[in-house]
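This report concerns only the one structure given below.
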Amino acid sequence: MRTDQEILGLILQIAKKLQVDAVALSGSRTNPKVQTDEFQDYDLVYVVDDIDNLTSDLSWLDQFGKRIIEQHNILGNRRLYLMLFEDGNRIDLTLCPKDYINEWVDSEAGFTVLEDKKGIFETYSPSPQRYWTAPASATDFDKSCNEFWWVSTYVVKGICRNQLIYATDHLYGICQQELLKILAWQVASDREAVDIGKNYKYLFNYLTAEKEKEFSNLLDFSSLDKITQSLFATMQLFHQEAQSLAQKMDFKYEKEVAEKMMRYAEENLLNH
Numbered sequence: 001m002r003t004d005q006e007i008l009g010l011i012l013q014i015a016k017k018l019q020v021d022a023v024a025l026s027g028s029r030t031n032p033k034v035q036t037d038e039f040q041d042y043d044l045v046y047v048v049d050d051i052d053n054l055t056s057d058l059s060w061l062d063q064f065g066k067r068i069i070e071q072h073n074i075l076g077n078r079r080l081y082l083m084l085f086e087d088g089n090r091i092d093l094t095l096c097p098k099d100y101i102n103e104w105v106d107s108e109a110g111f112t113v114l115e116d117k118k119g120i121f122e123t124y125s126p127s128p129q130r131y132w133t134a135p136a137s138a139t140d141f142d143k144s145c146n147e148f149w150w151v152s153t154y155v156v157k158g159i160c161r162n163q164l165i166y167a168t169d170h171l172y173g174i175c176q177q178e179l180l181k182i183l184a185w186q187v188a189s190d191r192e193a194v195d196i197g198k199n200y201k202y203l204f205n206y207l208t209a210e211k212e213k214e215f216s217n218l219l220d221f222s223s224l225d226k227i228t229q230s231l232f233a234t235m236q237l238f239h240q241e242a243q244s245l246a247q248k249m250d251f252k253y254e255k256e257v258a259e260k261m262m263r264y265a266e267e268n269l270l271n272h
């Protein structure tokens with residue numbers, strides 16, 4: 001695997017050949033809190049004057065190395081090239097017209113400028129608090145609780161209909177995301193604001209190992225029986241954490257509604 005110095009040197013070398021206006025790096029490689037490993041991407045932007053010229057013939061991408069797989073995407077006025085190389089390195093390269101640099105800046109939590117002789121980035125600053133969570137408002141809390149208990153009925157329906165994918169999608173994609181939100185608000189309530197990272201990846205740095213294990217145990221969706229067990233456990237944990245947060249923040253928690261929803265799930269699933 002090529003080293004950081006080799007990859008960064010190559011990035012700047014290719015940028016010079018292409019006459020790129022500016023180069024910046026974003027993502028985990030710019031965050032000192034992140035533990036480095038061989039799976040970190042190089043999230044890279046080339047700020048360019050003529051994007052059409054570069055995208056009309058992409059043979060210049062070969063200069064980065066031999067690719068195992070790649071993906072090309074259009075993001076507004078930008079072009080994104082995701083590349084996994086044979087040596088294990090991965091580069092996520094964005095081509096961004098300089099007139100739309102704000103689009104890229106607004107999409108990133110932070111960045112480090114590698115090359116900018118024209119001072120294009122001088123008027124822009126990173127937004128390191130993009131993934132920070134502030135304490136919840138009473139309205140935020142009420143909406144989260146309502147969403148959790150409402151969507152739990154879809155999970156019940158999916159299980160009763162033997163629809164494993166449907167049930168899993170609603171359980172993990174919505175209900176457990178609301179649970180993670182409640183846990184993040186628990187942390188934020190003690191610290192005013194906290195960096196939980198994209199997809200809650202730093203959340204459990206602030207919680208006990210027991211709490212992380214408790215949540216991890218919810219993630220077995222291998223069968224309808226396992227999904228049913230996960231739903232019951234998710235409901236119990238959400239109920240517990242929501243009550244705790246409500247007490248701490250002096251929020252109103254619809255405990256009676258929660259208990260009725262848990263009974264609804266039990267009546268439908270235990271007798272199914």
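If you read the sequence shown in the UniProt record's numbering, its first letter stands for residue 1, the second for the next number, and so on. Just so it is clear, CB atoms sit at the ideal spot from N, CA and C, and this is done for glycine as well. This one's a predicted model, so the numbers in the text were calculated from it and none came from an experiment.
For residue j and residue i, the rounded distance between their alpha carbons
i, j, result
"glycine 197", "leucine 93", "21 Å"
"residue 295", "glycine 119", "Limits of the chain in this structure are 1 at one end and 272 at the other, which puts residue 295 out of reach."
"glutamine 40", "threonine 30", "11 Å"
"arginine 78", "threonine 3", "28 Å"
"tyrosine 81", "aspartate 106", "19 Å"
"aspartate 250", "cysteine 145", "15 Å"
"glycine 110", "serine 26", "6 Å"
"threonine 208", "tyrosine 202", "12 Å"
"isoleucine 7", "proline 32", "19 Å"
"aspartate 37", "leucine 237", "33 Å"
Given residue i as reference, the closest of the options once Cα atoms are compared
i, options, result
"aspartate 52", "Leu183, Pro97, Glu212, Gln163", "Pro97"
"isoleucine 159", "Ala258, Phe148, Leu171, Trp150", "Leu171"
"residue 337", "Val151, Gln176, His72, Val47", "Residue 337 lies beyond the range of the chain shown here (1 to 272); nothing can be said about it."
"asparagine 271", "Ser244, Val156, Glu214, Ser222", "Val156"
"serine 28", "Ile91, Leu75, Gln19", "Ile91"
"valine 45", "Tyr166, Gln35, Asn102, Gln229", "Asn102"
"glutamine 35", "Asp190, Asn205, Ile165, Arg191", "Asn205"
"tryptophan 150", "His72, Lys260, Leu18, Thr55", "Lys260"
"glutamate 192", "Asp220, Gln229, Pro135", "Pro135"
"aspartate 87", "Asp142, Tyr124, Lys143, Met1", "Met1"
Beta-carbon proximity list for residue i, same chain, < 8 Å, skipping 5 on both sides
i, result
"glutamate 241", "Leu179, Ile182, Leu183, Gln186"
"valine 23", "Ile11, Leu12, Ala15, Leu44, Val45, Tyr46, Val47, Val113, Leu114, Glu115, Asp116"
"glutamine 243", "Tyr253, Lys255"
"glutamate 266", "Phe232"
"tyrosine 100", "Gly76, Asn77, Arg78"
Sequence-distant residues of the same chain with beta carbon closer than 6 Å to residue i, five excluded per side
i, result
"phenylalanine 85", "Gly65, Arg67"
"threonine 133", "Ala184, Ala188, Val194, Ile196"
"isoleucine 14", "Gln63"
"glutamate 212", "Phe204"
"alanine 138", "Phe251"
"alanine 124", "The sequence as given places tyrosine at residue 124; alanine does not occur at that position. Cβ neighbours of tyrosine 124 beyond the five flanking positions: Val105."
Residue i, DSSP secondary structure in three states
i, result
"threonine 112", "strand"
"serine 215", "It is worth fixing the name first, because residue 215 is phenylalanine in this sequence and not serine. In this structure, phenylalanine 215 counts as helix in the three-state DSSP scheme."
"asparagine 73", "strand"
"alanine 136", "coil"
"serine 26", "strand"
"leucine 207", "coil"
"arginine 78", "strand"
"leucine 232", "The residue you asked about is not leucine; residue 232 is phenylalanine in the sequence shown. In the structure shown, phenylalanine 232 sits in a helix (DSSP, three-state: H, G or I)."
Cutoff 9 Å: residue i Cβ touching any chain D Cβ
i, result
"serine 189", "This model lacks chain D altogether, as it is built from one protein chain only."
Other residues of its chain near residue i: CB distance less than 7 Å, five sequence neighbours each side excluded
i, result
"aspartate 49", "Asp21, Lys98"
"asparagine 268", "Val156, Cys160"
Residue i Cβ short of 8 Å to the ligand SAH heavy atom set
i, result
"arginine 2", "Within the structure as shown, the ligand SAH is missing, as the structure has no ligands at all."
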